[in-house]
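Novice: Here you go, one structure.
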Amino acid sequence: LAYIEWFSPFTRPEPDHLMYKVKRSMKDGERLGGIIPVQNIRRSIHLLPKFGPITPPHWKSSNV
29 LAYIEWFSPF TRPEPDHLMY KVKRSMKDGE RLGGIIPVQN IRRSIHLLPK
79 FGPITPPHWK SSNV
């Protein structure tokens, strides 16, 4: 078994970088997740955060 968290479906890639934007699926302010059989997992993905124009100054390679 594996615990997973649900995200929005893919739509179309962003024009600047051709990557897809997703959002967490939420209900009543809570993240939606579930426990599923491992054999139901078809592939994994890497998620990258959406950064603003400035990196927080307290971020270091040792704490991020």
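Oh and the sequence shown: position 22 is 50 in my numbering, straight run, nothing missing.
Even for Gly, the Cβ is constructed at its ideal location relative to N, Cα and C.
So, for residue 41: in the same chain, excluding its five sequence neighbours on each side, which residues have a beta-carbon less than 7 Å away from its beta-carbon?
Specialist: Within the same chain, residue 41 has close Cβ partners 47, 48.
Novice: Can you give me the start and stop residues for the beta strand (DSSP E) that residue 33 sits inside?
Specialist: Note, residue 33: beta strand (DSSP E), 30–33.
Novice: Enumerate in chain order the residues of its own chain whose CB-to-CB distance from residue 63 is below 6 Å, with the five nearest sequence positions on each side excluded.
Specialist: 29, 31.
Novice: Round the Cβ separation of residue 36 and residue 53 to the nearest angstrom and send it over; I've been treating them as touching at under 8 Å.
Specialist: Yes, residue 36 and residue 53 are in contact; Cβ-Cβ is about 6 Å, under 8 Å.
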